[in-house]
Amino acid sequence: RDRSVSRGLGDVYKRQASGLVMVLTLFFSKKSQHVTETELSLASQHEGEERFGSTFISRSLVRATLVLNTMWTGLIPVRMQKAIDHLEEELLNVRAGKASPNALNGVMVDYFGSQVPISGAASVTVPDAKTILIQPWDKNMLRAIEKAIIDSNIGLTPSNNGEQIRLTIPPLTEERRKELVKQVRAEAETARISLRNARRDAVEAFKKAQKEGMPEDESKDGETQSQKLLEKFSKTLDEALSKKEKEIMTV
């Protein structure tokens, strides 16, 4: 029977459940029991005459394996990466006194009945560190784009010469630079909290898995790896924040 259990688990492991099923395993125990019973049934059919009945121990072992797999094939690293991606996106939207097409992020314009970003209706270029040029593909869009920029309250005044729109980036005062630094630090702290929450959820999942049959050493190793992931992504966060702060404070 022990050999049958081992062979059945090996077969189950080779046919790992899809990402969605594995995520559900973390949070919905009834669902995971159903998945386990289904996997065990498939294993018994694959073994032919060697039937492998579903038991509490076997279900627990399979569930523990699925939880461990989930941690490192998707859930935790993905959650942490999403927090970093969101932070980087927010940092791009913070003007540091230099011209960038990102200054127009979120500014939408009506383009033949559809709301699109300005880059979807015009060419947006940066000829120098203080200027953004907008060249509409259709000159009839000039006024619509100009109005969209004014209504967006992004702090830039468009200059329309009938051919293109020019945006001049005003210099930042020392006080404004300090305000922006506080803003990006707040964004970074939000991302840092998301990273910590991901680690906390991972640790709790491993502790739960241990109660359901995962060996203690594997559970502890999972917690250690969760901490290492937190440290890795926290370093990435700190580097992104430091780079943005330097950009803001550079005159």
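Numbering-wise, the sequence shown is residues 1 to 251 according to this note's numbering. Built from N, CA and C at the ideal position, the CB exists for glycine as well.
Note the first and the last residue of the continuous alpha helix (DSSP H) segment covering residue i.
i, result
"residue 190", "174 to 211"
"residue 224", "216 to 249"
Taking just the CA atoms, how far does residue j sit from residue i?
i, j, result
"residue 122", "residue 83", "31 Å"
"residue 310", "residue 234", "Since the first residue shown for the chain is 1 and the last is 251, residue 310 is missing from the structure and cannot be characterised."
"residue 150", "residue 166", "13 Å"
"residue 236", "residue 217", "29 Å"
"residue 184", "residue 94", "8 Å"
"residue 159", "residue 97", "18 Å"
"residue 125", "residue 239", "28 Å"
"residue 162", "residue 114", "23 Å"
"residue 210", "residue 219", "6 Å"
"residue 148", "residue 112", "15 Å"
"residue 136", "residue 193", "41 Å"
"residue 153", "residue 75", "38 Å"
"residue 249", "residue 99", "15 Å"
First and last residue of the beta strand (DSSP E) that includes residue i?
i, result
"residue 107", "Premise fails: residue 107 is in no beta strand (DSSP E) and is neither H nor E."
"residue 126", "122 to 128"
"residue 77", "Not the beta strand (DSSP E): residue 77 falls in the alpha helix (DSSP H), residues 76 to 92."
"residue 114", "114 to 117"
"residue 101", "Run containing residue 101: none; DSSP gives neither H nor E here."
So residue i and residue j are supposed to be a Cβ contact under 8 Å. How far apart are they, rounded?
i, j, result
"residue 116", "residue 145", "Not a contact, Cβ separation roughly 11 Å."
Check your understanding: Are three or more beta carbon pairs between the segment 127 to 141 and the segment 163 to 173 nearer than 8 Å?
Key -> yes
Review point. Quick check: the segment 202 to 211 against the segment 175 to 194, are there 3 or more CB pairs under 8 Å?
Key: no
Review point. Residue ranges of each beta strand (DSSP E) run of no fewer than 3 residues wholly in the segment 146 to 173, ordered along the chain?
Key: 158 to 160 and 165 to 168
Review point. Are the segment 101 to 113 and the segment 176 to 187 touching by the rule of at least three beta carbon pairs closer than 8 Å?
Key: no
Review point. Between the segment 193 to 200 and the segment 222 to 231, do at least 3 Cβ pairs fall closer than 8 Å?
Key: yes
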